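Notes follow the structure.
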Amino acid sequence: MAHADALVALAEALVGEDDAVLAEARRRALDEVGAEAFVDAVAVASNFERMVRIADGTGIPLDTPVNLISEDVQEELNLGRFAAAAHTPAVSAWQRPLGRVLRRLMPRILKLVGARMAKGEAQSGPRA
Numbered sequence: 025m026a027h028a029d030a031l032v033a034l035a036e037a038l039v040g041e042d043d044a045v046l047a048e049a050r051r052r053a054l055d056e057v058g059a060e061a062f063v064d065a066v067a068v069a070s071n072f073e074r075m076v077r078i079a080d081g082t083g084i085p086l087d088t089p090v091n092l093i094s095e096d097v098q099e100e101l102n103l104g105r106f107a108a109a110a111h112t113p114a115v116s117a118w119q120r121p122l123g124r125v126l127r128r129l130m131p132r133i134l135k136l137v138g139a140r141m142a143k144g145e146a147q148s149g150p151r152a
């Protein structure tokens, strides 16, 4: 994907805490993708941040598949310390092995979905 490295660096810098890294990532992305795509990328990132804040503020629980797949990340980041975590039920003992299997399968599933989406775009042409 064209400019993926610059856009990933921008996304990571936007959620990071290093102003110098952010400034460099902004400069690089702007140089590589141009002003219009840069604004679009920052708008998408901002929208996701807004949605996460709304979800956290209203206490929207994680749905079961996301909860199962992300349990290890939730524990590693100690997300249970936040009040909104109380709205998501704990993963049960019988769900834990299922979560481990799903975590292993997700990269393959996402690659397949991505390949099918790319194939569909190639057949139908780019969207306007």
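Counting from 1 along the sequence shown, just add 24 to a position and that's the residue number in this note's numbering. Glycine is no exception: its CB is placed at the ideal position from the N, C-alpha and C atoms. Just so you know, these numbers come straight off a predicted model, no measurement behind them.
Do the CB positions of residue 93 and residue 123 come within less than 8 Å of each other? Locating residue 93 in the sequence shown gives position 69, counting from the first residue. Locating residue 123 in the sequence shown gives position 99, counting from the first residue. Yes, the pair counts as a contact, with Cβ atoms nearer than the cut-off.
What are the start and end residues of each continuous alpha helix (DSSP H) run of 4 or more residues lying completely inside the region 56-130, in chain order? Runs of the alpha helix (DSSP H) lying entirely within the region 56-130, each at least 4 residues long, are 59-82, 88-100 in chain order.
For residue 137, which of helix, strand or coil comes out of DSSP? If you number the sequence shown from 1, residue 137 lands on position 113. Helix.
Counting C-beta neighbours from all protein chains within 10 Å, is the total for residue 62 16 or more, i.e. buried, or is it exposed? Locating residue 62 in the sequence shown gives position 38, counting from the first residue. Buried, since its Cβ has 16 or more Cβ neighbours within 10 Å.
Out of curiosity, what's the CA-to-CA distance linking residue 97 and residue 36? Numbered from 1 along the sequence shown, position 73 holds the residue referred to as residue 97. Numbered from 1 along the sequence shown, position 12 holds the residue referred to as residue 36. Annotation: residue 97 to residue 36 spans about 17 Å, alpha carbon to alpha carbon.
I want to check one thing, is the minimum distance from the CB of residue 41 to the heavy atoms of the ligand GTP below 7 Å? Looking for the ligand GTP in the displayed structure turns up nothing, as the structure carries no ligands at all.
Work out the CA separation of residue 58 and residue 121 for me, nearest whole Å. Reading the sequence shown from its first residue, position 97 is the one you call residue 121. Reading the sequence shown from its first residue, position 34 is the one you call residue 58. Their backbone Cα atoms lie some 45 Å apart in a straight line.
Under a Cβ-count criterion, where at least 16 other Cβ atoms within 10 Å of its own Cβ denotes burial, should residue 112 be classed as buried or exposed? Indexing the sequence shown from 1 puts residue 112 at position 88. Label assigned to residue 112: buried.
Alpha helix (DSSP H) containing residue 29: first to last residue? The residue you call residue 29 lines up with position 5 of the sequence shown. Element bounds for residue 29: 28-38.
Pop quiz: residue 38 and residue 53 are said to be a contact at Cβ under 8 Å. What is the actual Cβ separation, rounded to whole angstroms? Within the sequence shown, numbered from 1, the residue matching residue 38 stands at position 14. Within the sequence shown, numbered from 1, the residue matching residue 53 stands at position 29. 10 Å between Cβ atoms; not a contact.
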